[in-house]
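Read through the structure below, which is laid out as structure tokens, and then see the notes.
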Amino acid sequence: MSLVCSVIFIHHAFNANILDKDYAFSDGEILMVDNAVRTHFEPYERHFKEIGFNENTIKKYLQCTNIQTVTVPVPAKFLRASNVPTGLLNEMIAYLNSEERNHHNF
């Protein structure tokens, strides 16, 4: 199943033009981007770590947590958060991207 979104952890600040708009991304920021927007970040891959999610994983997560989905009239290009504690996230991304992982239910 193909990826539908990614969580991007920025570990080196960079400036980028994403969808014809200039952005300054800072060290420690976290982004959630859909797969179509994700391709615009590819030239800057050396500045971030990433984990991708397929539709099945997202559905399982929403079912397990009983989070209700909401449809918005104009979807965001990407979600952005600053000042997020990053230690655990950094370790989680490294683990999930490693060859040693064994996480069948996630």
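For the sequence shown, position 100 matches number 245 in this note's numbering, and the numbering has no gaps at all.
Note that CB positions come from ideal geometry on N, CA and C, so glycine has one too.
Since the model is a prediction, treat every value here as computed from it, not as a measurement.
Identity of the residues DSSP links to residue i by a beta bridge
i: tyrosine 168; result: Ala161
i: alanine 226; result: Ile175
i: serine 108; result: The first residue shown for the chain is 146 and the last is 251, placing residue 108 beyond what the model contains.
Selection from the options that minimises the alpha carbon distance to residue i
i: serine 171; options: Leu241, Ser243, Ala226; result: Ala226
i: glutamate 187; options: Gln208, Ile175, Asn162, Leu207; result: Asn162
i: valine 182; options: Asn211, Ile212, Ala158, Leu224; result: Leu224
i: glycine 197; options: Leu207, Tyr189, Asn180; result: Asn180
Integer-rounded CB distance, given that residue j should sit under 8 angstroms from residue i
i: serine 147; j: asparagine 199; result: 6 angstroms
i: valine 219; j: glycine 173; result: The Cβ separation is near 28 angstroms, so there is no contact.
i: leucine 207; j: threonine 216; result: Not confirmed; about 13 angstroms, so no contact.
Close Cβ partners of residue i (< 8 angstroms) along its chain, the five nearest in sequence each way excluded
i: isoleucine 203; result: Val149, Cys150
i: leucine 164; result: Val182, His185, Lys222
i: histidine 157; result: Asp172, Arg191, His192, Phe193
Residues of its chain near residue i, where Cβ-Cβ distance is below 6 angstroms and the 5 sequence neighbours each way are ignored
i: methionine 237; result: none
i: asparagine 160; result: Ala169
i: aspartate 167; result: none
i: valine 178; result: Ser151, Phe223
Proximal residues to residue i (C-beta, below 7 angstroms), its chain only, five neighbours per side dropped
i: serine 243; result: none
Say whether the region 153 to 168 touches the region 185 to 193, bearing in mind that this needs 3 or more beta-carbon pairs closer than 8 angstroms, one atom from each stretch. Two segments are said to touch when three or more pairs of C-beta atoms, one from each, lie closer than 8 angstroms; by this definition the region 153 to 168 touches the region 185 to 193.
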